[in-house]
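The block underneath contains the structure these notes are about, expressed in structure tokens.
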Amino acid sequence: MSNLLLTLFGTELVIVFRVESDYKQEIIDDMIAIIVHFSSRLHGKRRGGKKTTQIKHILEDTEN
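Pasting the structure below:
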């Protein structure tokens, strides 16, 4: 399927660095990716909440 899509769009896939890994390493890599993803979302929400609070304070100060 992917070869068909590549051909339709006139592109070529070149694998520069191929690593053969066992299933244990793949599971470890997947778990790390999941942890990084969710921790990034958590910290992003926390930071976003702080920014929202800061903006509210700035708007309240400018109204007064």
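Residues in the sequence shown are numbered consecutively from -5, following the numbering used here.
Just so it is clear, CB atoms sit at the ideal spot from N, CA and C, and this is done for glycine as well.
Taking 9 Å as the cut-off, the Cβ atoms of S33 and D23 do not count as close. Between the alpha carbons of I29 and R35 lies a gap of roughly 10 Å. Remark: C-beta atoms of L(-1) and E6 do not approach each other more closely than 9 Å.
Sequence-distant partners of Y17 (beyond 5 residues in either direction) whose C-beta falls short of 7 Å from its own C-beta are missing from its chain. Annotation: the continuous alpha helix (DSSP H) that includes S(-4) extends over S(-4) to L2.
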